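Protein chains in written order, with the working numbering: chain A, 146 to 481; chain B, 2 to 297; chain C, 93 to 430.
Read through the structure below, which is laid out as structure tokens, and then see the notes.
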């Protein structure tokens with residue numbers, strides 16, 4: 146049985162501090178995305194009923210482990226995949242129904258930074274050409290003004306101007322990611338979506354990049370949707386966190402509040418498992434993550450939940466709002 | 002946020018404009034011993050072909066039956082053939098037809114095959130299916146057989162040799178280009194360009210083509226030697242260039258009956274052919290290694 | 093200048109017993125050169141039996157190189173070895189390959205970072221586990237099978253019977269890692285080396301796997317070396333830590349103390365740039381790790397160090413123990429105990 150709380154826009158997970166005067170940049174309504182496996186006999190439910198909004202100027206982290214569906218969610222938001230069910234609205238317009246001008250506007254408003262930063266840069270283009278491309282495509286500057294704009298962007302991401310004639314394979318890992326950030330900023334977007342942009346970097350380079358992203362986001366007012374498996378990174382960058390498990394958002398709310406008092410047992414487990422200097426090693430969850438092709442009945446987390454109760458097998462909790470603006474998908478949320 | 006070189010710790014080299022990039026490519030190319038040696042050999046033949054009229058001691062078709070079938074001597078460095086024609090002179094002029102056939106047929110094959118492969122790879126769907134089935138048909142025939150059939154229909158002569166060989170190259174080029182295009186299309190930066198709103202035409206010109214270009218160039222380089230070999234083969238079989246045009250294949254054919262008496266008649270053009278092919282292959286391999294960004 | 097090692101000050105009775113047993117790992121002025129470049133430079137440290145050590149550092153620090161060298165996997169002519177690197181009593185610098193081969197898998201075992209590429213996709217789980225058992229213990233087929241079942245149960249794999257005949261690609265990442273651990277533990281080694289064993293895993297699985305490794309190592313009373321880049325994880329899993337930078341050990345001592353109150357400027361820099369839940373502000377270390385072929389003279393960290401003086405660029409500070417408890421060691425001209 147699935148508890149259905151039909152969302153009006155006011156029921157959707159809004160950041161409590163943002164007054165939704167304009168349309169949210171993104172609104173996902175019960176988005177589902179399935180892939181057929183086993184020759185079509187089974188369905189892999191990568192996204193199984195996602196509700197989310199992203200307001201202008203806010204920073205949101207999508208946190209999840211493998212199988213959570215976070216990468217699929219990003220692809221759906223960008224329009225790279227079509228949903229099997231539900232709707233994705235960008236500034237109030239359904240992504241499926243964008244006309245040509247709206248599509249161009251969307252391409253400009255939403256910039257994406259790939260996980261494989263090096264692979265997302267054309268190896269035959271110089272740094273200058275790469276960063277200049279979105280500026281030229283969206284006609285944001287006259288031809289003569291573009292080099293200056295590129296200089297400005299390079300400075301913004303902390304790269305020396307002399308790098309502009311280099312090719313991507315000549316740059317270090319950290320520099321490549323900065324180029325990707327500069328290119329994302331080049332089209333003056335309203336939201337930057339980044340997929341695991343700091344994974345695999347040395348601690349110090351990672352710190353540089355995180356500071357860069359955080360400072361940029363705060364100074365420019367561009368919204369940031371940051372996908373990561375690392376709760377610490379999510380907490381550092383973003384004011385709001387959405388925790389995903391097996392294709393659904395199980396908790397979302399202000400970062401600081403969630404860190405102080407997580408309500409969903411999975412969030413609490415993620416926090417407990419995160420290595421800290423002031424806590425002993427703890428393995429809060431047993432077992433493996435179930436396959437998205439074989440979801441448990443009722444609450445999908447019940448097979449590993451330390452607080453599982455009898456009714457958890459029968460009911461699939463939907464993401465519901467609590468009074469203080471927190472959204473939790475649990476029949477027995479942890480006390481505040 | 003100002004760029005602080007100390008903070009980033011990058012010792013940055015001065016800017017490198019386009020000319021410097023070309024120079025560095027050339028340098029990388031020459032650094033490869035293979036390419037240097039191969040290039041030198043090819044250059045030797047090209048010079049021989051261009052300046053054949055100045056370098057050749059005798060007119061290539063001047064017959065002198067009294068001096069027929071003479072071995073290498075002071076008067077004729079590489080000997081004479083059964084008509085008394087100087088082999089060295091014929092070799093030099095023969096280089097012209099060999100090189101011309103090689104490069105012209107490949108160029109023509111590229112001109113037809115590359116667009117076909119591009120359209121197939123970019124369009125996909127029914128267009129791709131149709132084009133690839135045609136290509137499959139072309140590929141079903143071994144190149145030499147197809148060229149022979151072509152010559153039988155069109156008649157002999159150097160021009161037709163070029164056309165025949167070009168046709169037999171369309172299939173391989175189209176197939177390779179299509180495969181390269183598909184591979185490039187799947188790379189993240191192409192999707193990234195689409196996400197950024199880059200129009201389709203620019204995606205093709207700026208993102209797909211430049212990344213497909215170097216594999217094609219390398220392929221083309223290697224094809225030239227195949228073309229020269231096939232051209233000589235056609236002439237050898239009597240289906241290529243018409244005598245008395247100096248052509249290495251023809252020369253080898255003419256010397257066939259005299260192998261025991263005058264081995265230099267087939268031997269010299271055979272050696273020349275082998276040397277040129279080795280040079281071309283070395284150069285093409287060196288080119289491939291130089292263009293591979295990983296080996297830089 | 094005396095060189096103290098990272099040994100633990102054990103209580104007297106145990107110290108006598110421990111003194112009898114050879115150190116699990118002992119490095120004395122160990123230097124490893126590859127193509128003339130010193131990838132590991134004058135490394136000294138001691139790991140007593142039953143203790144766990146974390147090797148911390150960024151990429152290029154040499155921690156994985158040290159781990160592989162300890163397994164005797166890096167030998168001339170690919171590399172040039174100098175000094176002493178004794179593993180469970182045998183010096184890999186001088187020992188012949190035959191001796192090393194008999195040690196590997198039996199007395200010392202290695203767990204790799206990426207289980208999916210460390211396991212051979214052509215062989216089943218049973219094949220993998222049976223290999224060291226056959227080689228080093230000479231067990232027959234039935235004995236191998238029984239032992240394998242027990243090992244799989246020890247590493248927490250449910251339904252071991254079914255998993256024995258599975259191929260690596262049929263298992264999840266966490267389970268593949270458990271199988272690697274089972275292989276490593278098959279012959280009850282005295283030293284277990286784990287090279288980033290959980291970096292490729294989800295954080296909840298990481299916690300499980302780390303707990304498992306620690307349990308199994310404790311059950312065997314073996315010593316363990318963890319190569320890690322995560323400082324907080326190191327403080328949670330290891331007794332001792334050695335911080336490496338550009339092929340040298342710059343600080344070592346008890347893990348919790350060193351990592352929660354670091355003294356060496358590099359360790360402090362690492363701590364300040366490490367992400368923690370609720371971290372206020374990250375402070376990256378200025379500059380970049382120098383490339384191996386262009387190492388600065390003197391202290392290798394000097395170009396990036398706020399405390400650097402002329403002495404630092406001319407002379408390399410030796411690894412000296414602090415006066416105090418004798419268990420912490422530091423390689424710096426300016427930071428002293430006290």
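Every residue gets a Cβ at the ideal spot worked out from N, C-alpha and C, and that includes glycine.
Since the model is a prediction, treat every value here as computed from it, not as a measurement.
Short of 8 Å in beta carbon distance, which residues of its chain neighbour residue 249 of chain A, apart from the five on each side in sequence? Order them along the chain. Same-chain partners within the cutoff: 283.
Find out if the Cβ-Cβ distance for the pair residue 262 of chain A, residue 359 of chain A is shorter than 8 Å. No.
Mind checking if residue 216 of chain B is an interface residue toward chain A, Cβ cutoff 8 Å exclusive? Residue-level contact check: residue 216 of chain B does not touch chain A, since none of the beta carbons of chain A fall below 8 Å from its beta carbon.
Does the count of Cβ pairs from the region 227–247 of chain A and the region 167–180 of chain A closer than 8 Å reach three? The answer is yes - the region 167–180 of chain A touches the region 227–247 of chain A, with three or more Cβ pairs under 8 Å.
Would you mind listing the beta strand (DSSP E) stretches within the region 212–242 of chain C that are 3+ residues and don't spill past its ends, in chain order? List check, beta strand (DSSP E) in window: nothing returned.
Taking 8 Å as the CB-CB cut-off, is residue 211 of chain A touching chain C? For residue 211 of chain A, the answer is yes, since a Cβ of chain C falls inside 8 Å of its Cβ.
Is there contact between the region 283–295 of chain C and the region 198–214 of chain C, where contact requires at least three CB pairs shorter than 8 Å? Yes: the two stretches touch, three or more of their Cβ pairs being nearer than 8 Å.
Completely contained alpha helix (DSSP H) runs for the region 164–245 of chain B, where each covers 4 or more residues: The region 164–245 of chain B contains these whole alpha helix (DSSP H) runs: 189–197, 210–237.
Start-to-end residues for the alpha helix (DSSP H) that takes in residue 320 of chain A: 318–331 is the extent of the alpha helix (DSSP H) around residue 320 of chain A.
By the three-class DSSP mapping on this structure, what secondary structure does residue 118 of chain C have? Secondary structure of residue 118 of chain C (DSSP, three-state): strand.
If you follow the beta strand (DSSP E) that residue 346 of chain C is in, where does it begin and where does it stop? Taken as a continuous stretch (DSSP letters only), the beta strand (DSSP E) holding residue 346 of chain C covers 340–346.
Contacting residues, own chain, Cβ-Cβ under 7 Å from residue 355 of chain A (five flanking each side not counted): Excluding positions up to five away in sequence, the list reads 343, 378, 381, 382.
Could you tell me the distance, in whole angstroms, from the CA atom of residue 369 of chain A to the CA atom of residue 438 of chain A? If you draw a straight line from the Cα of residue 369 of chain A to the Cα of residue 438 of chain A, it comes to about 30 Å.
At the level of alpha carbons, what is the spacing between residue 255 of chain A and residue 214 of chain A? Looking at the two C-alpha atoms, the distance is approximately 20 Å.
On the criterion of 16 or more Cβ atoms from any shown chain inside 10 Å, does residue 467 of chain A qualify as buried, or is it exposed? The C-beta of residue 467 of chain A has fewer than 16 other C-beta atoms within 10 Å across all chains shown, which makes the residue exposed.
Go to residue 243 of chain A, then tell me how far its alpha helix (DSSP H) extends in each direction, as first and last residue. Unbroken run through residue 243 of chain A: none, as it is neither H nor E.
Express the C-alpha separation of residue 375 of chain C and residue 135 of chain C in angstroms, rounding to a whole number. Using only the alpha carbons, I get a separation of about 28 Å.
Limits of the alpha helix (DSSP H) - the one that residue 274 of chain A falls within: That run of the alpha helix (DSSP H) goes 272–282.
Sub-8 Å separation of residue 386 of chain C and residue 394 of chain C beta-carbons: For residue 386 of chain C and residue 394 of chain C, no; Cβs fall outside 8 Å.
Interface residues of chain B facing residue 279 of chain A [CB-CB closer than 9 Å]: Contact of residue 279 of chain A with chain B by beta-carbon distance below 9 Å involves 197, 198, 199.
Amino acids of chain B, ordered along the chain, whose beta-carbon sits closer than 7 Å to that of residue 419 of chain A: Result: empty, since nearest Cβ-Cβ is about 29 Å, beyond 7 Å.
Excluding the 5 residues flanking residue 347 of chain C on each side, which residues of the same chain have their C-beta closer than 7 Å to its C-beta? The answer, listed in chain order, is 146, 326, 327, 330, 331, 332, 333.
CA-CA distance, residue 329 of chain A and residue 197 of chain B? Looking at the two C-alpha atoms, the distance is approximately 9 Å.
Of all Cβ atoms in chain A, is any one closer than 8 Å to the Cβ of residue 202 of chain B? At a cut-off of 8 Å between beta carbons, residue 202 of chain B makes no contact with chain A.
Counting along the chain, where does the alpha helix (DSSP H) carrying residue 39 of chain C start and finish? With chain C running from 93 to 430 in the structure shown, residue 39 of chain C is simply not present.
Interface flag, residue 324 of chain A vs chain C, CB-CB below 8 Å: For residue 324 of chain A, the closest Cβ of chain C is not nearer than 8 Å.
Determine, for residue 440 of chain A, whether the minimum Cβ-Cβ distance to residues of chain C falls below 8 Å. Residue contact check for residue 440 of chain A against chain C: no CB pair falls below 8 Å.
If you follow the beta strand (DSSP E) that residue 171 of chain C is part of, which residue opens it and which one closes it? Premise fails: residue 171 of chain C is in no beta strand (DSSP E) and is neither H nor E.
Taking C-alpha atoms, which residue in C:370, C:369, C:344 lies nearest to residue 360 of chain C? With respect to the C-alpha of residue 360 of chain C, the residue from C:370, C:369, C:344 having the closest C-alpha is C:344.
When you compare only the Cα positions, how much space is there between residue 274 of chain B and residue 252 of chain B? If you draw a straight line from the Cα of residue 274 of chain B to the Cα of residue 252 of chain B, it is about 11 Å long.
So the alpha helix (DSSP H) residue 270 of chain C belongs to, where does it begin and stop? For residue 270 of chain C, the enclosing alpha helix (DSSP H) starts and ends at 265–277.
Using CA coordinates, which residue listed in B:109, B:137, B:108, B:107 is at the minimum distance from residue 121 of chain B? Residue B:137 holds the alpha-carbon nearest to the alpha-carbon of residue 121 of chain B among B:109, B:137, B:108, B:107.
Taking beta-carbon pairs under 8 Å, can you tell me which members of the region 330–350 of chain A lie near chain C? Closer than 8 Å at the C-beta level to chain C, one finds these residues of the region 330–350 of chain A: 347, 348, 349, 350.
Assigned secondary structure, residue 400 of chain A (DSSP; H/G/I helix, E/B strand, else coil): Note: residue 400 of chain A maps to helix in three-state DSSP.
Between which two residues does the beta strand (DSSP E) containing residue 358 of chain C stretch? Residue 358 of chain C -> not in any beta strand (DSSP E); alpha helix (DSSP H) instead, spanning 357–365.
If you follow the beta strand (DSSP E) that residue 204 of chain A is in, where does it begin and where does it stop? Bounds of the beta strand (DSSP E) holding residue 204 of chain A are 204–209.
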